[in-house]
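Asker:
2 protein chains.
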Amino acid sequence: MKNNLENLFNPKLIAIVGASETKGKIGNSIAKNILELGFQGEVFFVNPKYEKLFEKKCYASLSDIKKEIDLAIIIIPAKFVDTIVDDAKNVKNFIVISAGFAETGKKGQKREDALLKISKKNKVNILGPNCLGLIVPKIKLNASFAGGLPKDGCVAFVSQSGALAVAIMDIAKKENIKFSHIISIGNKMQIDEIAMIKYLGNDDSVKVIAMYLEGIKNGKKFIKIAQKVSQKKPIIILKAGKSEKSQKAITSHTGSLVGSDKIVDTAFSKARIIRAKNLEEFFILIKLFSNFNLVNNPKTVIVTNAGGPGVLATDNFQNKSVKLAEFSKKTKKQFRILLPPESSVENPIDLLGDASDIRYQKILEVLDNEDIGNIICLMTAQDQTPTEKIAEVIVNFSKKSLKNIIPVFIGGEKIKKALEILNKNNIPNFSFPKDAVDALNRSYELQVMNYEKNNSKMKTDFDNVLDKNQDKEFVSQIVSSVKKNNRKILLFGEAGEVMKKYGIPVVNFINLAPNEKIHSEIDFPIVLKVDSDKVLHKTDKQGLILGIKNMDELDESLKKIRNNFSRENVIIQPMIEYEAELILGLKRDPIFGAVLVYGLGGIYTEVFKMVDFLLLPLSKNEIKRNIENSKIGFLFKKTRGKKVGDIEELTDLLFNFALLAKDQKEIKEIDINPLLIDKKGKLLAVDIKVIL
Amino acid sequence: MKNNLENLFNPKLIAIVGASETKGKIGNSIAKNILELGFQGEVFFVNPKYEKLFEKKCYASLSDIKKEIDLAIIIIPAKFVDTIVDDAKNVKNFIVISAGFAETGKKGQKREDALLKISKKNKVNILGPNCLGLIVPKIKLNASFAGGLPKDGCVAFVSQSGALAVAIMDIAKKENIKFSHIISIGNKMQIDEIAMIKYLGNDDSVKVIAMYLEGIKNGKKFIKIAQKVSQKKPIIILKAGKSEKSQKAITSHTGSLVGSDKIVDTAFSKARIIRAKNLEEFFILIKLFSNFNLVNNPKTVIVTNAGGPGVLATDNFQNKSVKLAEFSKKTKKQFRILLPPESSVENPIDLLGDASDIRYQKILEVLDNEDIGNIICLMTAQDQTPTEKIAEVIVNFSKKSLKNIIPVFIGGEKIKKALEILNKNNIPNFSFPKDAVDALNRSYELQVMNYEKNNSKMKTDFDNVLDKNQDKEFVSQIVSSVKKNNRKILLFGEAGEVMKKYGIPVVNFINLAPNEKIHSEIDFPIVLKVDSDKVLHKTDKQGLILGIKNMDELDESLKKIRNNFSRENVIIQPMIEYEAELILGLKRDPIFGAVLVYGLGGIYTEVFKMVDFLLLPLSKNEIKRNIENSKIGFLFKKTRGKKVGDIEELTDLLFNFALLAKDQKEIKEIDINPLLIDKKGKLLAVDIKVIL
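Have a look at this one:
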């Protein structure tokens, strides 16, 4: 399969089925793109209507060519596609441009299913259907109906939207972005985002993988493959579909399945994928990652010939991981000698409005020996500013220095020539300080992530623990018996057992059968609650009584509850004094599988949504790091000499919870609410809902 | 003064002091800009070194001209400026370009003080010093050393940074932004942001006031003037100095005083100023507000010829006040007739990749009759897209329709000609969907704000209440006596009295003197705390005992506290059961005066910073609206049939608190923490710290 894709993306013999000489037809655009832009391979035309096309022989069918064809491009009505593909035994790779498949509804879906079946049977690769095609600038191949050939470079762009690919090529020219591939995956019937990440991950001509996606098909495999590839090269994805509204738009657009956006965020972060927040940021990130070094050192210096923009650039460092560098006294002294007395020798370094290229150069030379990672080089074209010479200073510096030097020339016409110099040398300008700072920050955060990853054992402790777990079977039996009783929800007694078997600490409780008397010693104050799968909101239905202080109150309360719920068990629990109230939950996502949700509980849970997510598989290392960076991370850090909870304990608990989610697939949903951190810092599940 | 500024910004007779024929000198650039760009007034040169300059007579001094000069531009070394200004009795308006004043340190500050004194004495206006100058395209006046003359338009741009003004002019040309004024206020010794807002507010040629500011001098007056002007025209401000770091940069840049950034946000929102988050957004907002109608109807439609960008645009509507419009069945039917079957007739309306200008036009015609406010017109240049014709459709539509039609053409070279057509007709393109949606949203939020404002009585209830307040004097006496005792902090007993006098409900408490016995009936459980101005953290020092349940425990606890604090009073308070824990505070800001801070209290206060701010003066209406939109607004809305607190009660409390802040200027800081909402929904101050 790997070799096969190699022929798809680097073909020597190409056939065009449905080529046309009629202007305005897609079959014409594609044929001309392949013929006229410099592709050096052999090209064949297939169209039973013609003897000749573009002054070359035209074949009636693919098999008539009597040669092994590397790639056939299909541009004929949808209903004929499957036969054409099935009959062509001399072709292993197809691009199906034709629309009229799954994107059009049920009938089209059937057509697509049939095509997929053929592709499996004949072991062929199909890009599309319903796609724009493929462009590989290095071999001057434009096998698409988008005009022109972008510059050859190191960015592979994969798009689920053909129109967006066209627009991106157009903007890229302006922004001097250069491509190794532009690939429209259309309905991604067979060659999907996973196949693309895998293939492009192994192609050394690709430095950055950039994707526009509307949906992800197989979440788990996607994460697994992306995790591997993102160790080697950055993967930048613009994923549409953040809001309910836009999920609607997607449904009518390609019919993809879309999971909740927060889960996508979690998956991307797990796979170390850089998610572009919008189209604008997408370009900015591609520019940074394809042209500059990854940011290992967060210390950044701003050099400017204008105070105002310097201040504005500084503002952008708020709440960032990249930081403004501080200079030593010695360094400041050096600056002082090189600069006019009115200059600021703090960071930002203000070279003043009359700064020459020499002044820039001298300061850069000093900075080259400092412990910094990045230099943001601001310039506005003032009266006497030698803009082109300053651009050249930057170009020369970048050639000999390992530091990232990011030009932010602010202006229009006056800086045009300077930008040309920068572009020619693959040092793209960032139009605004914010863009440069944000992008540097994203790059550094990725590095930090990778760094930690490489230093932790990558294997998931998961597989090790699994077999040791003796109680898996016991829990499965509880679940089965509940199902047998036609219940969807476990009783608290059952849920408590399940948790305990998986090592999740549950509050002590006494489970009283109807009419059963209290035998044990009771430690007041306590809580009484009815144990029923039907009473979802215990408070509303008077099935919950808090703060019972003595035996008399207990008797009275028990009577009261049993009056309302005569056939149910009653649970007696101690009132727990606590330091913090958490929640912990499990949901099943159709794309990404088990999703663990944990965060701050209590009355503000739904208002502030202070929750984080985890996706399986998980190692304890990963869980711990996730907690540290989570919204409740502060509970596990010392503040004023004290911390609320123990991170190791929550790590173990989440790990066990993940095991439970992995083993017990019949369980669809769990809510542990509250999960308390008691006064001694211990975790304790107090109420538990398990839904099958 | 108003007339005087009129002559400064619309001069007929101009004198240039320090004009020069030497290339590269500022005096040369300015002289040439005034002479060569079409200014029709009379120009005089002053320079004792020359007889003639630019083939015109050159005067030795301003008074030698023997005419009333509207505007003199001073470009001579700083030390000579005061004498020149003082001697020129025939000049009422000056621009002092010269640097070397307050921005350079103490010596310069003195020089600036002297100049200010002269300006007051002689009743003259001075723009600057240390500024770039002034440009008024309408009269073809470029009295600055920035080259060129921007197009005449309706945007007045005022900048505290000269270099930024130059860069902005350069970008503006590219973005087709047209100016009524470009004004560099430099050190804003006399003509500051307030004077500019006032003047430009009254100038009918100005539609939008745009400013770059690094500091604000007189916060209260600034808000007052801006509140008036922002009723008439939008004020967009890019205010630098968000972070500690950048405040440092400002100090070394212009020596402005900078208040905390959150307070600036509050002030701007109070004055209905639109704050641009960064330079990029600044341009986008200027583009929207200068070329489009203010957004009164939030319903927005996306029309697109490309699915992907349509989905991305939809994503940008998340958490916005502008909304995607929903179409009626009837409307959808109309679209269905006009569009190919594969088109989406939901919002976004997908016209498909082969959309012609006619298809755009037909859909727009339908939309013109719908109840919507804005149309975002997306276009990517696909194979056959008639980009220029589509631009023309938009131009024609905008001429006859009252709806805002915002073009978002995505691309580079391929859309260039289309953009030229749009620009020529003052319909600027937005490069990315996000930019258009964000800007529309800002415009709508401003309108909503204004609308509410106009419908509420603008007078502050404040002044009405003031005289009725009988207890002002009593509180002043408490404060005086504390000061007399050389204390900085009020005892709880005192603070409680202060609050009560101003109608702020305080928890019941008994104030026991040292050795005093308990006489009254006690309702347990209670809290004991020592009342001392020295014990700031009561918990740390064992001066606080919670949850005392009976008389025995009380005796024991009282003994314990008195052991540690023998000379202090002890406060007995009931333990309050509560629904929510708030905080309320007062700080004094050097720029904006009294700042009220209120929000969520409890253990997470400092972690989540769920607080909002209020600046004086305040009306109850304004307070109420602020609470509604605050981070604790949810506490006062019904959720599941229940609300935690009463908004009227908190409104009254905050209003009284504001009165206290206004009356008692000796009080520098107050912390009410916690301010509880008890089980009945009543507010109650439980601990109070008042600092003088």
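First to last, the sequence lines map onto chains A and B.
The opening residue of the first sequence carries number 1 in the numbering used here; numbering runs sequentially from there.
The opening residue of the second sequence carries number 693 in the numbering used here; numbering runs sequentially from there.
No residue lacks a Cβ here, since even glycine has one placed at the ideal position from N, Cα and C.
Consider the Cβ of Val1003 of chain B: report whether some Cβ of chain A lies at a distance smaller than 8 Å.
Answerer: yes
Asker: Taking C-beta to C-beta, are Ser816 of chain B and Leu754 of chain B nearer than 8 Å?
Answerer: It is worth fixing the name first, because residue 816 of chain B is Val in this sequence and not Ser. Taking 8 Å as the Cβ cut-off, Val816 of chain B and Leu754 of chain B do not qualify as a contacting pair.
Asker: What are the partner residues of Glu734 of chain B, as DSSP defines its beta bridges?
Answerer: B:Leu705
Asker: Taking the alpha carbon of Asn1200 of chain B as the point to measure from, which residue in B:Met861, B:Leu1375, B:Leu1307 and B:Asn1088 has its own alpha carbon closest?
Answerer: B:Leu1375
Asker: Excluding five sequence neighbours on each side, which residues of the same chain lie with their C-beta closer than 6 Å to the C-beta of Thr254 of chain A?
Answerer: With a pLDDT of 34 at Thr254 of chain A, under the threshold of 50, the modelled position of this residue cannot be trusted; read the value that follows with caution. Hits under 6 Å: Glu103 and Glu214.
Asker: To the nearest angstrom, report how far apart Glu388 of chain A and Gly1291 of chain B are at their CA atoms.
Answerer: 53 Å
Asker: In the DSSP assignment, find the alpha helix (DSSP H) that holds Ile632 of chain A and state where it starts and stops.
Answerer: Run containing Ile632 of chain A: none; DSSP gives neither H nor E here.
Asker: Measuring straight from C-alpha to C-alpha, what distance separates Leu294 of chain A and Arg442 of chain A?
Answerer: Leu294 of chain A and Arg442 of chain A: Cα-Cα distance of roughly 10 Å.
Asker: Consider the Cβ of Asp1159 of chain B: report whether some Cβ of chain A lies at a distance smaller than 8 Å.
Answerer: Here the model assigns Asp1159 of chain B a pLDDT of 47, short of 50, so the residue's position is not dependable, and the following value carries that caveat. False, the Cβ-Cβ gap to chain A never drops below 8 Å.
Asker: Do Gly373 of chain A and Asn347 of chain A have their C-beta atoms closer together than 8 Å?
Answerer: Going by C-beta atoms, Gly373 of chain A is not nearer than 8 Å to Asn347 of chain A.
Asker: Checking contacts by CB at 8 Å: is Gln334 of chain A closer than that to chain B?
Answerer: no
Asker: Verify whether the separation of the beta carbon atoms of Pro1217 of chain B and Ile1240 of chain B is less than 8 Å.
Answerer: yes
Asker: Looking at chain B, which residues of the segment 429-444 of chain A have a Cβ within less than 9 Å of any of its Cβ atoms?
Answerer: Residues passing the 9 Å Cβ filter: Ser431, Phe432, Pro433, Lys434 and Asp435.
Asker: If the criterion is Cβ atoms closer than 8 Å, does the pair Leu653 of chain A and Ile504 of chain A meet it?
Answerer: yes
Asker: Could you spell out where the alpha helix (DSSP H) holding Ser269 of chain A opens and where it closes?
Answerer: Asp261 to Lys270
Asker: Rounded to whole angstroms, what is the Cα-Cα separation between Lys220 of chain A and Phe282 of chain A?
Answerer: 24 Å
Asker: Give the interface partners of Ile171 of chain A over in chain E, defined as CB-CB distance under 9 Å, in chain order.
Answerer: Note that chain E does not occur in the displayed structure, where the protein chains are A and B.
Asker: How about Tyr130 of chain A: is its C-beta nearer than 8 Å to some C-beta of chain B?
Answerer: With the sequence shown as reference, residue 130 of chain A is identified as Asn, and Tyr is not the correct amino acid for it. So, not an interface residue.
Asker: Tell me whether Phe592 of chain A sits in a helix, a strand or coil according to DSSP, three-state version.
Answerer: coil
Asker: Mark Ala60 of chain A as exposed unless 16 or more other C-beta atoms lie within 10 angstroms of its C-beta, in which case mark it buried.
Answerer: exposed
Asker: Restricting to runs no shorter than 4 residues, where is the alpha helix (DSSP H) found entirely within the segment 1065-1130 of chain B?
Answerer: 1079-1092 and 1108-1116
Asker: Counting contacts by CB-CB distance shorter than 8 Å, is Lys609 of chain A in contact with chain B?
Answerer: no
Asker: Under three-state DSSP, which class holds Gly201 of chain A?
Answerer: helix
Asker: For Ile818 of chain B, does the count of other Cβ atoms within 10 angstroms reach 16, so buried, or fall short, so exposed?
Answerer: It is buried - the Cβ of Ile818 of chain B has at least 16 other Cβ atoms within 10 Å.
Asker: Could you give the distance in angstroms between the alpha-carbon of Lys741 of chain B and the alpha-carbon of Thr714 of chain B?
Answerer: 13 Å
Asker: Kindly say whether Gly716 of chain B, judged by its beta-carbon, lies nearer than 8 Å to any beta-carbon of chain A.
Answerer: yes
Asker: Are Val530 of chain A and Val570 of chain A touching if we call contact CB-CB under 8 Å?
Answerer: yes
Asker: Rounding to the nearest angstrom, what Cα-Cα distance links Leu1306 of chain B and Gly1185 of chain B in this structure?
Answerer: Their Cα atoms are separated by approximately 27 Å.
Asker: How would you label Glu1314 of chain B, buried or exposed, when you count the other beta carbons within 10 angstroms and need 16 or more for buried?
Answerer: buried
Asker: Starting from Thr387 of chain A, find everything on chain B with Cβ-Cβ shorter than 8 Å and list it in chain order.
Answerer: What Thr387 of chain A touches in chain B: nothing, since even the nearest Cβ is about 11 Å away.
Asker: Applying a beta-carbon distance threshold of less than 9 Å, which residues of chain A neighbour Val956 of chain B?
Answerer: Going along chain A, no residue has its Cβ under 9 Å from Val956 of chain B, so there is no contact; the nearest lies around 12 Å.
Asker: Leaving aside the five residues before and after Asn1256 of chain B along the sequence, list all residues of the same chain whose C-beta is less than 8 Å from its C-beta, in chain order.
Answerer: The answer, listed in chain order, is Val1222, Lys1233, Gln1234 and Gly1235.
Asker: Grab the span of the beta strand (DSSP E) containing Lys748 of chain B for me, first residue to last.
Answerer: Lys748 to Tyr751
Asker: With 16 as the cutoff for other CB atoms within 10 Å, does Glu280 of chain A come out buried or exposed?
Answerer: buried
Asker: Assuming Ile1119 of chain B and Val1087 of chain B form a contact by the criterion Cβ under 8 Å, report the distance between their Cβ atoms to the nearest whole angstrom.
Answerer: The C-beta separation of Ile1119 of chain B from Val1087 of chain B comes to about 6 Å, placing the pair in contact by the 8 Å criterion.
Asker: Could you give the residue range of the alpha helix (DSSP H) that holds Thr300 of chain A?
Answerer: Taken as a continuous stretch (DSSP letters only), Thr300 of chain A belongs to no alpha helix (DSSP H), being part of the beta strand (DSSP E) at Lys299 to Thr304.
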